[in-house]
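Chemist: Quick one: this structure, given as structure tokens, is what I'll be asking you about.
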Amino acid sequence: MNATAKRESTTARAIRIAARALVKGLPRETRSSRNLPNQAAIAWVAHQFHHVILTNKVMLDEVVDLLHPELVCAFTTATRSTGKASASADRSMIALIRALPKIQKLLLIDLEGAFNRDPAAKTRAEIVLCYPGIRALCVHRIAHEIQRLGVPLIGRMLAESAHDSTGIDIHPGATIGAGCFIDHGTSVVIGETAVIGKNCTIYQGVTLGARRFDRHIDGSLRRGSKRHPTLKDNVTVYANATILGGDTVIGKGSTIAAGALVQESVPANSIVRPARVELSVARSRTT
Numbered sequence: 192m193n194a195t196a197k198r199e200s201t202t203a204r205a206i207r208i209a210a211r212a213l214v215k216g217l218p219r220e221t222r223s224s225r226n227l228p229n230q231a232a233i234a235w236v237a238h239q240f241h242h243v244i245l246t247n248k249v250m251l252d253e254v255v256d257l258l259h260p261e262l263v264c265a266f267t268t269a270t271r272s273t274g275k276a277s278a279s280a281d282r283s284m285i286a287l288i289r290a291l292p293k294i295q296k297l298l299l300i301d302l303e304g305a306f307n308r309d310p311a312a313k314t315r316a317e318i319v320l321c322y323p324g325i326r327a328l329c330v331h332r333i334a335h336e337i338q339r340l341g342v343p344l345i346g347r348m349l350a351e352s353a354h355d356s357t358g359i360d361i362h363p364g365a366t367i368g369a370g371c372f373i374d375h376g377t378s379v380v381i382g383e384t385a386v387i388g389k390n391c392t393i394y395q396g397v398t399l400g401a402r403r404f405d406r407h408i409d410g411s412l413r414r415g416s417k418r419h420p421t422l423k424d425n426v427t428v429y430a431n432a433t434i435l436g437g438d439t440v441i442g443k444g445s446t447i448a449a450g451a452l453v454q455e456s457v458p459a460n461s462i463v464r465p466a467r468v469e470l471s472v473a474r475s476r477t478t
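Rendered as structure tokens:
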């Protein structure tokens, strides 16, 4: 055996050993790649649903044909039973299809909210095709319904697809009322248990987050508790404001100014401003 062949043989053996070790180290849920939903397919579903609901450029049956096998994969990963997974996927797919007119109605109210609150918007078509906020809300409303139906993984994967394409991070568990307008949207974060009322406006960089994570006596995280704030109807949150805590409620009609940090409830029709910071400019010394 010459040196080149010996080196290739050694490399191949190292690859086999490493590959076995890597597979052995995987969590059970991700060990069988053929049962995991396809991320590229889910990203395409997110893109296509936007057009199914708001432009009529894509036929619904095309999206259903693409999404259904991913639902089967998701249920198979969770149940480890292909037969049960297929039946669960069928039920969930039918329920989602029946919910689409309701979802479209919410999105059309979102669309009107954006048009009525942004003087830069010349037409509704401009908003549908160009605004990341309406795209993120479209995917969120689909993902939220899928999550509500008890489908594993897919809602979160849709949400992360929208996060990748828009810079807006909305957990599919968040509840968002009709008429929401997310303007610009970059770096907006809306947590799993956040509740947003009707006709709210959120600008770039806003975080609706957790103040802390509750734990059990043994130190493990307590899951399922409300960790993120509630915005009542007609609340406006300007750029880079941060609102934290599951018991924090922003009252109806209130305004949170840019850069504010809010960790306690605010009465209705309030204006919250950050503490004033004095700016001083020192003249640099020249030598």
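Following my numbering, the numbering of the sequence shown begins with 192 at its first residue and continues without gaps.
Quick reminder that beta carbons are idealized off the backbone N, C-alpha and C, glycines included.
1. State the Cα-Cα distance for the pair residue 281 and residue 352, rounded to the nearest angstrom.
2. Exposed or buried, which one is residue 201 when buried takes at least 16 other CB atoms within 10 Å?
3. Are any of the Cβ atoms in chain C nearer than 8 Å to that of residue 289?
4. Buried or exposed for residue 484, please, with buried defined as at least 16 other CB atoms from any protein chain shown within 10 angstroms of its CB.
5. With respect to the alpha helix (DSSP H) encompassing residue 258, which residues constitute its N-terminal and C-terminal limits?
6. In its own chain, which residues sit with a C-beta less than 6 Å from the C-beta of residue 245, not counting the 5 before and 5 after it?
7. When the Cα of residue 378 is compared with those of 371, 400 and 368, which residue comes out closest?
8. According to the neighbour-count rule (16 or more other Cβ atoms, all chains shown, within 10 Å of its Cβ), is residue 348 buried or exposed?
9. Is residue 343 near residue 232, with beta carbons less than 8 Å apart?
10. From which residue to which residue does the beta strand (DSSP E) around residue 349 run?
11. By Cβ distance below 6 Å, which residues in the same chain neighbour residue 163 in space, the five residues on each side in sequence not counted?
12. Which whole-angstrom value is the C-beta distance of residue 428 and residue 381, which I expect to be below 8 Å?
13. For residue 386, name the three-state secondary structure that DSSP assigns.
14. Where DSSP assigns a beta bridge to residue 400, which residues make up the other side?
15. Measure the beta-carbon distance from residue 288 to residue 255 and round it to whole angstroms, keeping in mind my assumption that it falls under 8 Å.
16. Under a three-way DSSP split, which group does residue 474 fall into?
17. Tell me, to the nearest whole angstrom, how far the beta carbon of residue 345 is from that of residue 262; I am working on the premise that it is less than 8 Å.
18. How big is the Cα-Cα spacing for residue 365 and residue 469?
19. Have a look at residue 313 and residue 230 and give me their C-alpha separation to the nearest angstrom.
20. Put residue 217 into one of helix, strand or coil per three-state DSSP.
21. Whole angstroms are fine: how far does the CA of residue 423 sit from the CA of residue 460?
Modeler: From the atom records:
1. 23 Å
2. Classification for residue 201: exposed.
3. Among the protein chains of the structure shown there is no chain C, as only one such chain exists.
4. Any question about residue 484 goes unanswered here, given that the chain covers just 192 to 478.
5. 251-270
6. 319
7. 400
8. buried
9. no
10. Note, residue 349: premise wrong, no beta strand (DSSP E); alpha helix (DSSP H) at 345-357.
11. Residue 163 lies beyond the range of the chain shown here (192 to 478); nothing can be said about it.
12. No, residue 428 and residue 381 are not in contact; Cβ-Cβ is about 11 Å, not under 8 Å.
13. For residue 386, the three-state secondary structure derived from DSSP is strand.
14. Bridge pairing for residue 400: 435 [DSSP].
15. 7 Å
16. Secondary structure at residue 474: coil, using DSSP grouped into helix, strand and coil.
17. Between residue 262 and residue 345 the Cβ distance is about 6 Å, and since that is below 8 Å, they are a contact.
18. 37 Å
19. 35 Å
20. coil
21. 10 Å
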